[in-house]
Amino acid sequence: MTGMIGKIHDVLRPDRGPDVDRLLARIDALTRLLDAAENHLPAERLVAARTVVERAGARLARSRDHTVVALAGATGSGKSSLFNALARQELSPVGVLRPTTGVTHAGVWGPPAGAAELLDWIGVPPRHRFIAGGDEPDEALRGLVLLDLPDFDSIERTHRAEVNRLLGLVDLVVWVLDPQKYADRLVHRNYLREFGRHKDVTVIVFNQADVLGRTELSRVLDDLRHLLAGDGLADVPLLATSTLEPASVDPLRTVLERAVAGRQAALRRLAADLDVVGDDLAGLLDAAPPGTQVDSATTRRLVDALAASAGVPVVVEAVERAYRHRAALHTGWPLVRGLRRLRVDPLRRLHLSDADRPADPAASVVAATSVPAPNPAQRSAAALAVRSVADEAGAGLPGPWRDAVGSAATSRLDRLPDALDRVLATTDLGLDRPRRWWRLVQLTQSLIIAAASVGLGWLVVGYLVRVLGLPPMEYPMVGRVPLPTLLLLGGLPAGLLAALLVRPIVSVGARRARRRAEQRLRAAVADVGQEHVLAPVHEVLSHYATAWEALGQLRSGR
Amino acid sequence: MTTHGDPGADPRAPVGEGSAAPVLGEALRRLRGALATTTYPLAVPSAAEARRTTRALITQLDDYLLPRLARLDAPLLVVVGGSTGAGKSTLVNSLVRARVTVPGVLRPTTRAPVLVCHPRDLAWFRQAELLPGLTRTTRPSDDPRTLQLVSAPALTPGLAFLDAPDIDSVVDANRALSAQLLAAADLWLFVTTATRYADAVPWELLRTAQLRGTVITVVLNRVPGPAGEEIAAHLSEMLAAQDLAAAPLFVVPETEVDGQGLLPEAATTHLRAWFDRLAADPDVRAGVVRQTLDGALAALHPTVTGLAAAIDEQTDTALILTDVVEAAYRTARQTLTQGLRDGRLLRGEVLARWQEFTGSGEMLRQVQARIGRRRDRRSKAATGRPGAAGEQLQTALESQLATLLRAAAAEAAETAYAGWQREPAGAALLDPELKEPGPELSERAERLIRDWQRGVLELVAAEGGGRRRAARGAAYAVNATGLTVMVAVFASTAFIPTGLEVAAGAGTAVAGQKLLEAIFGDRAIRALAAKARDDLLARIDALFAEEADRYLARLRAVEVRVGLGTALRRAAAAVENGRRAAALTARTGLALPGADR
């Protein structure tokens, strides 16, 4: 779209007025707005704006030397007579039977070449196009393309459809009213009221003025002005004409000459269209953007809920217990350590130990963990948290955008459980290797037990020696206690004591491991929340900000 | 000449054969009563139209049908209607040869209706039986709620002209009033012009009048001299295409008006002559009255049936809306029962606390081996101080259940909201706060659970007095038993562990069950748990009913009443039967004098 605008801009540059630039900037703003709003607002709310963008592009890409003027009016108001009076020749058939004109006739003043493309776009077939002016061309109206529209109030519904289509495409509309029908509901309610924003490109003609006397005419014109003011067309030109008196058509001719010479009608019309669309869209963008980020408190609540639903508390509990379990395996009293081995590692029970984790998390298919599936309450809590993110992010936005934020927040809800499970499966819980001090304690324990064993062995050897009647061994004495006895009797409680002494340290370490695992898991869960919940919400919010800012440009360029 | 308007003549002469008229009148009054009670509070697509139709029907009954049926011999009312600027007022003035209504160039000209009749008929129209809603005046007025009465001696007695406002100008009141007047016409003099005759708006009215059986006469006014024949031929064709070939067509040429604002006498001669003949022949006049009346009565049945259908749509829509809300909260209840039934609620927090409460996870898995240590725990519980573990279990139960309740209620509210929004009638009743669950739902949910827990404890205490378990129950504190029962509510799938549960890791919960059974006795726990669950579900039902009522109250507030449709249908059928019995048009086919243009 932007490319097309650029192209049009290049085409127009030679004769650009200040208006063209501004108009193009506004069309560009509208395009940006539509792009931003596209997936978030109901399509039917944007149809009108889209049509305007398309029409504006199409119209600006075509001849700006021509001004397309439509004569619109009820059946019998004398549109065709007026058309012929302006062309000074019989181009459009005039009749007494109603409705007369069923097709649109076009009169072109000046060379028809440039107008052909325009008329193709408007949809007037070549057989209904005429060169106006005939032998003595009317130079002042050169560039005028005058359309004689069908009526819009007869029983022929097709006429009305044709009029409605064409009224959207022309640059300037001349409404032809007459003494009988000037107060008809249809023309005022369905048509003139709709053109309230197009004052610059609207002209009202009171035709068949000749059937009224002079004083009657001025009273009727006053009445009509009053009605027009009610339609929001208070100061549009109102001209009384009569095709029976050719001179009375001259003011209308002058208006048209000026419009043709100014070449501004097309731009004004498009500008008015943009005004209308801008006002329509304003209702959908009536609040300043609340920022593009969700606030941190909401984010924290989301992470809490997601973590609970993923089973993070269960896992960190397991991490703490696994730490104790593994520390005990290393630092426990070697004599009872074997019993410990019979127990299952808490992390392994959840299929979360190192052996279960693939070497390269990204490359492999991650096996599902055995962390218990979230129960209904946890699932509900996660859904509630997501919903509250949507509520808080969408607060203050206009209704449709609030809905868009809501559906964006929940758009990836069904993929959330799997993503959270992957987090558990792939996050490094920090229990990969045994701690170094465990090994130190283990070594110490081994030394103590070795010492005790040596003492025991020594004593056994001494006992055997005595049993076999050999000369008794001399034990080295430590104080008054033989060394082997000291080794045995000191080593056993020493090991037990050492195991007891490291317990508080293991506790501290277990808690620290738990904290670290919790931090890592929460960070990973936060990433998942970011990707699955916050990112779509942020996208909507930033689109809203874009659309809001574009609307400002669209409406400021008047 | 005739007996119209003569107080001496029998004014309540029976209609048709026999005494069908009072029956028909009674049926009409019943129908009016039934119509007056109808309401269309729900914004279904048909409602606006139905409301308008109902109003129009009541007006027509009051304005025309009831008074006309009561006095079939009253003067013939010709309503002159048509587009703005068609020259209706000028035509009326010219027909009665007096300036009785004010024509003008400003559109719309006539805003208040003017009725012109012979002085002898004035009394009847002044009685205000016909068009009772319009105040009679003798002076010109701009108030559309008045009816100016003018007597014109030049008019043939038995005939009255009503100059109605236009049907298509910007003044909306005019359109409504002229529709009301046309519905009260014995004969519609439709005035159009050479530029107007193909307008869409009047043709729609003509079609309506034709369907209603109103006698129509067409005047093509303001015809420019030479083209008259051609235009008249075209208009006749169009009339014939609309099945209106029988309507006489008069052409009035565009001429200068005289000083009084009347058309030259020559221009309206045929029309005047035609009306004179109509007025002079009582049979033809009565025929016109009867045909229009019969047509209007005949049109009642399909119209009222249509209204009855609109009423049915109201009741149907109300049912649909109720269903939507009830389904949403039924689903919420199912979510909860499901959560309670399959024991999954036990898996996380509650399970952990339960394990803490009964000992440790390992202990529970190896319950037989460690029964001794558990006994210590039990004796601690038996001292009446449930301890931290018990309290934690209670809190865990409470928060899990509360979250589940809140989420289910939020989802139900959202579903109900979306469901109502899909229906235009529902969308009209909605207001944004309904999208959220009711105020303070969390507090109410928590209170509900605390009440239930208290109830369970009371239940356990009350049951403590009975049977074999009593001896054993005495050994345990009520608190501990109560907690156990609560857990049982969540854990039991009729105490049978399903393969799924075991596979999903809920085996511990089932093991817990077995333990409980071992301690307390299978039947006692089962009975207590069943009672506790029923109690919980009843409380949840009450909460959800309260929530659903936020929607249903709005529906009740608009009062969609049942049975009105049937009443309408019955009343319409009675009118139709009465009309057939009265045989208004059976005597003679209507032979209007031909239009000779």
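Chains as they are written, first to last, in the numbering used here: chain A, 1 to 558; chain B, 559 to 1155.
Just so you know, even glycine gets a beta-carbon here, dropped at the ideal spot from N, CA and C.
Which of helix, strand or coil does DSSP assign to residue i?
i: residue 796 of chain B; result: helix
i: residue 333 of chain A; result: coil
i: residue 477 of chain A; result: strand
i: residue 774 of chain B; result: strand
i: residue 352 of chain A; result: coil
i: residue 779 of chain B; result: strand
i: residue 1143 of chain B; result: coil
i: residue 398 of chain A; result: coil
i: residue 28 of chain A; result: helix
i: residue 538 of chain B; result: With chain B running from 559 to 1155 in the structure shown, residue 538 of chain B is simply not present.
i: residue 597 of chain B; result: coil
i: residue 861 of chain B; result: helix
i: residue 663 of chain B; result: coil
i: residue 239 of chain A; result: strand
i: residue 1207 of chain B; result: Summary: the structure shown does not reach residue 1207 of chain B, with chain B confined to residues 559 through 1155, and so no result is reported for it.
i: residue 718 of chain B; result: strand
i: residue 784 of chain B; result: helix
i: residue 1026 of chain B; result: At residue 1026 of chain B the pLDDT is 43, less than 50, meaning the model places this residue with poor confidence; the figure from the coordinates comes in the next sentence. Here residue 1026 of chain B sits in helix by DSSP.
i: residue 482 of chain A; result: strand
i: residue 810 of chain B; result: strand
i: residue 124 of chain A; result: coil
i: residue 751 of chain B; result: strand
Give a yes or no on whether the minimum CB-CB distance between residue i and chain B is below 8 angstroms.
i: residue 506 of chain A; result: no
i: residue 340 of chain A; result: no
i: residue 17 of chain A; result: With a pLDDT of 44 at residue 17 of chain A, under the threshold of 50, the modelled position of that residue is not reliable, and the figure given next carries that caveat. Residue 17 of chain A does not count as touching chain B.
i: residue 367 of chain A; result: Its pLDDT being 47, under 50, residue 367 of chain A is placed unreliably by the model, and nothing is read from it.
i: residue 424 of chain A; result: no
i: residue 403 of chain A; result: no
i: residue 380 of chain A; result: yes
I think residue i touches residue j, with their Cβ atoms under 8 angstroms apart; what is that distance to the nearest whole Å?
i: residue 789 of chain B; j: residue 752 of chain B; result: 5 angstroms
i: residue 616 of chain B; j: residue 632 of chain B; result: About 21 angstroms; that fails the 8 angstroms criterion.
i: residue 749 of chain B; j: residue 649 of chain B; result: 6 angstroms
i: residue 745 of chain B; j: residue 636 of chain B; result: 5 angstroms
i: residue 743 of chain B; j: residue 983 of chain B; result: Going by Cβ atoms, the distance from residue 743 of chain B to residue 983 of chain B rounds to 36 angstroms, so no, they are not a contact pair.
List the residues that DSSP assigns as beta-bridge partners of residue i.
i: residue 129 of chain A; result: A:106
i: residue 727 of chain B; result: A:184
i: residue 706 of chain B; result: B:672, B:695
i: residue 533 of chain A; result: According to DSSP, residue 533 of chain A bridges with nothing at all.
i: residue 757 of chain B; result: A:154
i: residue 148 of chain A; result: A:71, A:105
Would residue i pass as an interface residue toward chain A - the criterion being a Cβ-Cβ separation below 8 angstroms?
i: residue 981 of chain B; result: no
i: residue 788 of chain B; result: yes
i: residue 727 of chain B; result: yes
i: residue 1065 of chain B; result: For residue 1065 of chain B, the predicted structure reports a pLDDT of 42, less than 50, and the residue's modelled location is therefore unreliable. The matter cannot be settled from this model.
i: residue 875 of chain B; result: no
i: residue 639 of chain B; result: no
i: residue 964 of chain B; result: yes
i: residue 886 of chain B; result: no
i: residue 785 of chain B; result: yes
i: residue 643 of chain B; result: yes
Original post:
What residues in the region 91 to 115 of chain A bring their beta carbon closer than 8 angstroms to a beta carbon of chain B?
Top reply: 96, 97, 98, 99
**OP:** With 9 angstroms as the limit, tell me which residues of the region 656 to 688 of chain B have their beta carbon closer than that to any beta carbon of chain A; keep them in chain order.
**Re:** 662, 663, 664, 665, 666
Original post:
Using a Cβ cut-off of 7 angstroms, which residues of the region 851 to 862 of chain B contact any Cβ in chain E, in chain order?
Top reply: Here chain E cannot be found, since the structure's protein chains are A and B.
**OP:** Identify each residue in the region 739 to 769 of chain B for which the Cβ-Cβ distance to at least one residue of chain A is less than 8 angstroms, and report them in chain order.
**Re:** 751, 752, 753, 754, 755, 756, 757, 758, 759, 761
Subject >> Selection of the region 187 to 203 of chain A by Cβ proximity to chain B, strictly under 8 angstroms >> reply: 188, 189
Original post:
Taking Cβ-Cβ distances below 7 angstroms as the criterion, which residues of the region 979 to 1011 of chain B are in contact with chain A?
Top reply: none
**OP:** Below 8 angstroms between beta carbons is the criterion; list the residues of the region 74 to 89 of chain A that meet it against any residue of chain B, in chain order.
**Re:** 74, 75, 76, 77
Subject >> Contact list for the region 201 to 234 of chain A against chain B, Cβ threshold 7 angstroms >> reply: Taking 7 angstroms as the cut-off between beta carbons, the residues of the region 201 to 234 of chain A near chain B are 212, 216, 219, 220, 223, 227, in sequence order.
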